[in-house]
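J.:
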Amino acid sequence: DGGITQSPKYLFRKEGQNVTLSCEQNLNHDAMYWYRQDPGQGLRLIYYSQIVNDFQKGDIAEGYSVSREKKESFPLTVTSAQKNPTAFYLCATAGFAPLPSQPQHFGDGTRLSIL
Amino acid sequence: GQNIDQPTEMTATEGAIVQINCTYQTSGFNGLFWYQQHAGEAPTFLSYNVLDGLEEKGRFSSFLSRSKGYSYLLLKELQMKDSASYLCALRRNYGQNFVFGPGTRLSVLP
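Just so you know, the protein sequences line up as chains Z and F, in that order. The numbering of the first sequence is the working numbering, which starts it at 1 and goes up by one. The numbering of the second sequence is the working numbering, which starts it at 116 and goes up by one.
#1: Between Z/Gly63, Z/Tyr64 and Z/Lys71, which lies nearest to alanine 94 of chain Z when the distance is taken from Cα to Cα?
#2: I need the straight-line Cα distance from leucine 179 of chain F to glutamate 69 of chain Z, nearest angstrom please.
#3: Measure the C-alpha to C-alpha separation of tryptophan 34 of chain Z and proline 75 of chain Z and round it to an integer number of angstroms.
#4: How is lysine 57 of chain Z classed by DSSP in three states: helix, strand or coil?
#5: So, under 8 Å CB-CB, asparagine 164 of chain F and serine 186 of chain F are touching, yes? Tell me the CB distance rounded to an integer number of Å.
#6: How about glycine 58 of chain Z: is its C-beta nearer than 8 Å to some C-beta of chain F?
#7: Along the beta strand (DSSP E) that carries glutamine 151 of chain F, what are the first and last residues, could you check?
#8: For serine 7 of chain Z, does the count of other Cβ atoms within 10 angstroms reach 16, so buried, or fall short, so exposed?
#9: With threonine 86 of chain Z and serine 113 of chain Z assumed to form a contact (beta carbons below 8 Å), what rounded beta-carbon distance in angstroms separates them?
#10: On the criterion of 16 or more Cβ atoms from any shown chain inside 10 Å, does tyrosine 64 of chain Z qualify as buried, or is it exposed?
#11: Assign lysine 70 of chain Z to one of three DSSP states: helix, strand, or coil.
#12: Less than 8 Å between the CB atoms is what I'm expecting for tyrosine 150 of chain F and leucine 202 of chain F, so what's the real figure, rounded?
#13: List the residues of chain F whose Cβ lies closer than 9 Å to the Cβ of tyrosine 89 of chain Z, in chain order.
#14: Between the Cα of glutamine 50 of chain Z and the Cα atoms of F/Ser222, F/Arg220 and F/Asn212, which residue gives the shortest distance?
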């Protein structure tokens, strides 16, 4: 069954702690993305990766880090430097353009809260 | 820049037709996409436009005018389950990433 798996579904972070959100895909998509969504808001891009071992900062990368060691995996670490981490985190993938019709596919999301 | 604007909220009646607008300022993009997002869930892909004009997919249609910096999503024969947020997004020419609008929260009333 092809798709994107995010885990955990819910995550709680203590003060000063780093936490890692998992994103795995078996769609064979080259590009992977991490977004943050706050209540009633749109999606804001944290990091994205178009190819293994390469990634770029999005609009709100401060306090976050990523790695792309395998095509299938793009974990996001929320570091203690991110002072307001409470949000809904979405991982997405897309086939590589220049085929412009490649939409993004999303995982089910991880909801992160501060303890 | 690629500022994208959408109305914050809209209300419509079951069985009616509603048009959700999306305006943008951008230096270039290779596709405009529409997504539906129910509360607490991930967005799901609805429709996309590359060229100007109307794309129809069942009860949903999307329109693009690049010269006017404008797109809309048209929902026909509204159903209660269409109550959701609708997001428009551009895929950048350079970098290949997507930029999302703030979303429009649609409420369908009986």
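C-beta: ideal position from N, C-alpha, C; glycine also.
T.: Answer, in terms of the structure:
#1: As a working mapping, residue 94 of chain Z is identified with position 94 in the first sequence. Per the Cα distances, Z/Lys71.
#2: Locating residue 179 of chain F in the second sequence gives position 64, counting from the first residue. Locating residue 69 of chain Z in the first sequence gives position 69, counting from the first residue. Distance between the alpha carbons of leucine 179 of chain F and glutamate 69 of chain Z: 38 Å.
#3: To locate residue 34 of chain Z, count along the first sequence from 1; it is residue 34. To locate residue 75 of chain Z, count along the first sequence from 1; it is residue 75. Distance between the alpha carbons of tryptophan 34 of chain Z and proline 75 of chain Z is about 9 Å.
#4: As a first step, residue 57 of chain Z is located in the first sequence; it is residue number 57 there, counting from the start. The answer is strand: DSSP assigns lysine 57 of chain Z an E or B state.
#5: As a first step, residue 164 of chain F is located in the second sequence; it is residue number 49 there, counting from the start. As a first step, residue 186 of chain F is located in the second sequence; it is residue number 71 there, counting from the start. Confirmed, Cβ separation roughly 7 Å.
#6: Walking along the first sequence from the start, residue 58 of chain Z turns up at place 58. It does; some Cβ of chain F falls within 8 Å.
#7: Working through the second sequence from its first residue, we reach residue 151 of chain F at position 36. 144-152 is the span of the beta strand (DSSP E), which, as asked, contains glutamine 151 of chain F.
#8: Locating residue 7 of chain Z in the first sequence gives position 7, counting from the first residue. Exposed, since its Cβ has fewer than 16 Cβ neighbours within 10 Å.
#9: Counting from one through the first sequence, the residue named residue 86 of chain Z turns up at place 86. Counting from one through the first sequence, the residue named residue 113 of chain Z turns up at place 113. Right, their Cβ atoms sit about 5 Å apart.
#10: Numbered from its first residue, the first sequence carries residue 64 of chain Z at position 64. Per the 10 Å Cβ criterion, buried.
#11: Against the first sequence, residue 70 of chain Z aligns to sequence position 70. Three-state result, lysine 70 of chain Z: strand.
#12: Looking up residue 150 of chain F in the second sequence gives position 35. Looking up residue 202 of chain F in the second sequence gives position 87. About 5 Å separates the two Cβ atoms, so the contact holds.
#13: The residue labelled residue 89 of chain Z in the question sits at position 89 within the first sequence. None at all; the shortest Cβ gap to chain F is about 11 Å.
#14: Reading the first sequence from its first residue, position 50 is the one you call residue 50 of chain Z. Measuring from the Cα of glutamine 50 of chain Z, the nearest candidate turns out to be F/Asn212.
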